[in-house]
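Reminder that position 49 of the sequence shown reads as 155 in our numbering, one-by-one numbering, no gaps.
Before any comments, here is the structure.
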Amino acid sequence: MSYNLKKDFNLTAYLKTKLHPAPLPSGIIHRERLLNKLAEGRKNGTKLILVSAPAGYGKSTLITDWLVRDKIKHAWLSIEDEDNKLVPFFEYLLSSLQEISEGFGKTIRSILASPQLPPINVLISLLIQELEALPAPLTIVLDDYHFISNRQINQGISYLLEHLPLDFKLVIISRQDPPIPLGRLRANNQLTEIRMKDLKFNKQEASSFFEENLQIALNEEEVSLLNSRTEGWVSGLQLAGLSLKESAEGERKVFIDNFSGSNRFVIDYLFEEVLVRQKPEVKDFLCKTSVLNKFNDSICNRLTEDSNSKSVITELDKGNHFIIPLDVNKSWYRYHHLFRDFLTSELSLEEKKGLHKKAASWYDERGYLHEAIYHSREADDLDLLERLITKLTIDLFNKGEVETLLEYLEYLPEKRLKKNSKLLIFKTWCLFLTGKGREIAGYLQLIKDREDINKNDSYYGLFLALIVLFDHQEKNLEMAEKAVDMIDNKEHFFRIAALLSLGQVQASMGKYSEAVITFKEAMNIGKKTDFHFGTITALINLAVNLNWLGQRKEAVLICENSLYEYTDSRGKIYPLANLIYIPLGILKYENNQLKSAYSYLQKGITFCQEWSFVRIMGLGEWYMGQTLFALGKKEEAIEFVEEIINLGKQLGLKGLIFFMNCLEADLYVKADNKEKAFLWAEEIKKFPDQMITISGIFMGFTYTRVLLSQRKIEEVDSILSRINNLGVKGRNLITVRLLQTKISYLEGKKNKALKCLVEAVKLARPEGYTRAFLDEGEVIYKLLSEVKDVSPAFITGILEAFDFKKSTFNNQNLIEPLSERELEILGLIVNGLSNKEIAKKLYITVGTTKWHISNIYGKLGVNKRAQAIKKALQLELIAAPGPEENL
């Protein structure tokens, strides 16, 4: 039911009823044979205790008695129909565990507040990590699990059982077997089962039940007959006992003789017996309040339109009339499920609707909007349902409960929804955030076509923000600015979304300074409201745009400080903060800290893939490909890019595929694989204007490099001039100046080339943009020593970094550059290995080895081993072998 628990951990009495078992009734029968079976299961290797039987067999009472008798530390969750959704289920599960440890699950709660949840196994892994920090042993009880049909929840519970920490037990109480791998648990002796046959009362237990629980003295024959007729069914015995208790002495034998039939017959017959004996006002109370899942005297007063509910509840409780107290203070109760079903069957459909409407009103007045929505739906009151959903939308968005809101919106008929502009906008946002992109275009058009939409209403700002999120082009700048102006700070989810949209439009126009201000505002709102997803998303954009602005050091500081803030005292990082490793890896690459760049990018990219954060993919993958290549792992770099392209195809991410094809071409140029780079360039000619934009600048730079490798100087000069005229600044301006240096040098205009290079050095030195020079290759290497006086230390550092590249330059000056495999084989030749030894070491055939060696000879322009070794050492393609290698 209500699960607004993220901020307020001091739960009301209403909510507490879900987190504790019902108090044991007086005169309880302690079922030693079953209690001992449970105790034995707890001692052995059991992971799951399953108590599965139809209603009325005393399942929950048995487990509660066991927990009390053996003083077992436990977390308890009573599940209801409305909990069959991922977020509310986990909210309540965390709250039950908070009864054990007050601070439990704070990290998971904040993740549940994110608009995009990770895969269920990731969520459960986080839960397991937190469970491992709790003192063991601990038993987790899930009562009324039959209400759960949600596939993700069942998958999660299965995964939890598979990885349950040592000395932790899970108890599931259900009317039916849950869809989890019971067979595997049973085969591994990890399952203790208590079923209907076990729960049936034997004659001795039935006798004790009548005597101690109901204070009825029956002889052995009467007990035996009743127990036989009810087949040991506890609720049947209780119903029979209540009827006998209120019967005259002479009527008992007739009642017992006539008492027979199926459970359904017994229920109807005996409940009628119980109900007919009640005073009219009590009977009226029972029927009217039966529409409630839980009740206290206040809500009962509303439904009965009377003020004596408290005394009626007390009387029913004392008489053991199938009402169950849910807390020790007896402020909240529920009816036995079977009794409630019977009572509601006594009401007409119209009576039920009227009572549900009153209940919805009572819950609405007290802020329990989820319960109010449930009852308004049962009342079939669409006006009330629509009003309540509208009232709850902003709160649900701010708490990340998007799936819940989408479900509520789907309660409304489509025709009705289409008449409500606000709810149409909210549903479109829900579809966007839950990845249902195909449906969005139709809803956007519906909103655009509405004539009654108020364009001055703040809700219209939400619509504008959504359009901009789909299209960050310059034409939408005014729309993005208007969206920000229209959305209030109180609606922090949408305010951050609008700011992110605006910042991305500004960045696409090259307005990095403005984008930085916008992203900082979004980040600060996220921090103030503890909306970690919004904070981290804004932070990533901020760091990237600071880099484009040429402020690498500030970006590094922000990333490193944020990682520190998101790391707890145990050294564990908040999961979503792993995204920060992507911009940090990019920034380390820019400074040629390749090992750090690789480590950080790997962490960030792996996290994105595991958590299915596909919208963030692209830039990190670009830099990972470049990093692998810079580390000398050229083939691995190409393989990585191809993997991402294939992933993009699987996910239907055309933009990612396009971007990665561009990266692949860039790497092919560096690897001197001109043919493949040229093929890409021919294809990209179809989009001449796209590469002359700020957002398409990577494509423009790659295309320029391809043309340079073809010596198409005039065409290159034209493209680069157009890119320069965009008002490029910061990091990208360094690349422009370096490419201009190469063009001028190839044109024979050395002085102009040196002038451009000096500009690049002056731009790059303050913030340490070392890698930009290394990536542009040999021309830059040759010219840097001539401008060393401009910044001696900075340029010396670059030249030293170029040293390990000398063999690469020499390799590329060959007739045809050697491949990685050929360089590997050449190294083994230099170290004196025979063809057979090389084949064995590399797990290839001797024939393949000879084929590679033949290619090596051709590229080196030699025809003997000795000549190949001499030339390899002269060109420094391979280091001379040390003494150990000669052994």
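Where is the CB? At the ideal position from N, CA and C, for every residue including glycine.
These numbers were taken from a predicted model, which means no experiment stands behind them.
Hey, residue 161 and residue 443 are a contact pair by Cβ (cut 8 Å); roughly how many whole angstroms apart? Within the sequence shown, numbered from 1, the residue matching residue 161 stands at position 55. Within the sequence shown, numbered from 1, the residue matching residue 443 stands at position 337. At roughly 5 Å, the Cβ-Cβ gap stays under 8 Å, so residue 161 and residue 443 are in contact.
State the start and end residues of the unbroken alpha helix (DSSP H) segment that holds residue 277. Within the sequence shown, numbered from 1, the residue matching residue 277 stands at position 171. From DSSP, residue 277 is part of no alpha helix (DSSP H) but of the beta strand (DSSP E) over 274-280.
Checking the sheet assignment: what are the DSSP bridge partners for residue 182? Walking along the sequence shown from the start, residue 182 turns up at place 76. Partner(s): 247.
Presumed contact (8 Å Cβ cut-off) between residue 433 and residue 149, rounded CB distance: Position 327 of the sequence shown, counted from the first residue, corresponds to residue 433. Position 43 of the sequence shown, counted from the first residue, corresponds to residue 149. With a Cβ gap of about 31 Å, residue 433 and residue 149 do not count as contacting.
Whole alpha helix (DSSP H) elements within the stretch 630-685, 4-residue minimum: Within the stretch 630-685, complete alpha helix (DSSP H) segments of at least 4 residues are found at 638-655 and 658-671, given in chain order.
Straight-line gap, residue 325 to residue 331 (C-alpha atoms, nearest Å): Translated into the one-based positions of the sequence shown, residue 325 becomes position 219. Translated into the one-based positions of the sequence shown, residue 331 becomes position 225. Between the alpha carbons of residue 325 and residue 331 lies a distance of about 10 Å.
Residue 510 to residue 396, Cα distance in whole Å? Within the sequence shown, residue 510 is the residue found at index 404, counting from 1. Within the sequence shown, residue 396 is the residue found at index 290, counting from 1. Using only the alpha carbons, I get a separation of about 26 Å.
Determine which residues share a DSSP beta bridge with residue 156 and list them. On the sequence shown, position 50 is the one that residue 156 refers to. DSSP, once it has assigned bridges, lists 278 and 299 as partnering residue 156.
What does the Cβ neighbour count give for residue 303, buried or exposed, with the cut at 16 atoms within 10 Å? Start at 1 with the first residue of the sequence shown, and residue 303 comes out as number 197. So residue 303 counts as exposed.
Residue 743 vs residue 773 beta-carbon contact at 8 Å: Start at 1 with the first residue of the sequence shown, and residue 743 comes out as number 637. Start at 1 with the first residue of the sequence shown, and residue 773 comes out as number 667. The answer is yes: Cβ separation under 8 Å.
For residue 428, three-class secondary structure by DSSP: For the purposes of this step, residue 428 is taken as the residue at position 322 of the sequence shown. Of the three classes helix, strand and coil, the one that applies to residue 428 here is coil, per DSSP.
Measure from the alpha carbon of residue 339 to the alpha carbon of each residue in 307, 583 and 500, then state which is nearest. On the sequence shown, position 233 is the one that residue 339 refers to. The shortest C-alpha separation from residue 339 is found at 307.
Measuring CB to CB, does residue 840 end up less than 8 Å from residue 826? Walking along the sequence shown from the start, residue 840 turns up at place 734. Walking along the sequence shown from the start, residue 826 turns up at place 720. Taking 8 Å as the Cβ cut-off, residue 840 and residue 826 do not qualify as a contacting pair.
Please list the segments of the beta strand (DSSP E) lying wholly inside the stretch 316-366, counting only runs of 3 or more residues, in order along the chain. none
Please identify the residue among 320, 627 and 643 whose C-alpha is closest to the C-alpha of residue 428. As a position in the sequence shown, residue 428 is number 322, starting the count at 1. That would be 320, whose Cα lies nearest to the Cα of residue 428.
Quick one, which of 401, 730 and 450 has its alpha-carbon nearest residue 701's? Locating residue 701 in the sequence shown gives position 595, where the first residue counts as 1. Of the listed residues, the one whose Cα sits closest to residue 701 is 730.
Leaving out five residues on either side along the sequence, give the residues of the same chain with a beta carbon under 6 Å from the beta carbon of residue 367. One-based indexing of the sequence shown puts residue 367 at position 261. Residue confidence for residue 367 is low, a pLDDT of 48 falling below 50, so the modelled location carries little weight and cannot support an answer.
Does the count of Cβ pairs from the stretch 277-291 and the stretch 232-251 closer than 8 Å reach three? yes
Which class does residue 719 belong to by DSSP, given the choice of helix, strand or coil? For the purposes of this step, residue 719 is taken as residue 613 along the sequence shown, with counting starting at 1. Reduced to three states, the DSSP call for residue 719 is coil.
According to DSSP, is residue 108 part of a helix, a strand, or is it coil? The residue labelled residue 108 in the question sits at position 2 within the sequence shown. With a pLDDT of 37 at residue 108, under the threshold of 50, the predicted position of this residue should be treated as unreliable, and no value is reported.
Using CA atoms only, rank isn't needed, just tell me which of 328, 384 and 337 is closest to residue 358. By one-based count along the sequence shown, residue 358 stands at place 252. Ranking 328, 384 and 337 by Cα distance to residue 358 puts 328 first.
Shortest alpha-carbon distance to residue 746 belongs to which of 760, 770 and 761? The residue labelled residue 746 in the question sits at position 640 within the sequence shown. Closest by alpha carbon: 770.
Identity of the residue in 337, 806 and 490 nearest residue 830 by Cα: As a working mapping, residue 830 is identified with position 724 in the sequence shown. Taking only the C-alpha atoms, the option nearest residue 830 is 806.
From this set, 167, 638, 128 and 930, which residue's C-alpha is nearest residue 686's C-alpha? As a first step, residue 686 is located in the sequence shown; it is residue number 580 there, counting from the start. That would be 638, whose Cα lies nearest to the Cα of residue 686.
Could you have a look at residue 401 and say whether DSSP puts it in helix, strand or coil? Looking up residue 401 in the sequence shown gives position 295. Strand at residue 401.
Is residue 200 closer than 8 Å to residue 215 when the C-beta atoms are compared? For the purposes of this step, residue 215 is taken as the residue at position 109 of the sequence shown. For the purposes of this step, residue 200 is taken as the residue at position 94 of the sequence shown. A contact, by the Cβ cut-off of 8 Å.
With H, G and I counted as helix, E and B as strand and the rest as coil, what does DSSP make of residue 215? The residue given as residue 215 occupies position 109 in the sequence shown. The answer is helix: DSSP assigns residue 215 an H, G or I state.
Name the DSSP bridge partner or partners of residue 441? Within the sequence shown, residue 441 is the residue found at index 335, counting from 1. 429, per the DSSP bridge assignment.
Endpoints, alpha helix (DSSP H) assigned at residue 518: Working through the sequence shown from its first residue, we reach residue 518 at position 412. Unbroken run through residue 518: none, as it is neither H nor E.
How far does the alpha helix (DSSP H) with residue 838 in it reach, from first residue to last? Within the sequence shown, residue 838 is the residue found at index 732, counting from 1. Run containing residue 838: 836-852, per the alpha helix (DSSP H) assignment.
Let's see if you can read the secondary structure: which residues bound the alpha helix (DSSP H) around residue 384? Within the sequence shown, numbered from 1, the residue matching residue 384 stands at position 278. For residue 384, no alpha helix (DSSP H) segment is defined, and its DSSP state is neither H nor E.
Considering only residues of the stretch 773-817, which uninterrupted alpha helix (DSSP H) runs meet the minimum length of 4 residues and lie entirely inside it, listed in chain order? 780-790 and 803-815
Restricting to Cα atoms, I'd like to know which of 398, 405, 420 and 362 is closest to residue 388. Here residue 388 corresponds to residue number 282 of the sequence shown, with the count starting at 1. Of the candidates 398, 405, 420 and 362, the one whose C-alpha sits nearest the C-alpha of residue 388 is 420.
So is residue 360 buried or exposed if we call it buried at 16+ other beta carbons inside 10 Å? The sequence position of residue 360 within the sequence shown is 254, counting from 1. The residue is exposed, with fewer than 16 neighbouring Cβ atoms inside 10 Å.
Per-residue burial, residue 899 [other beta carbons within 10 Å of its own, 16 or more giving buried]: Residue numbering aside, residue 899 sits at position 793 when the sequence shown is read from its first letter. Counting Cβ neighbours within 10 Å, residue 899 comes out exposed, since fewer than 16 surround it.
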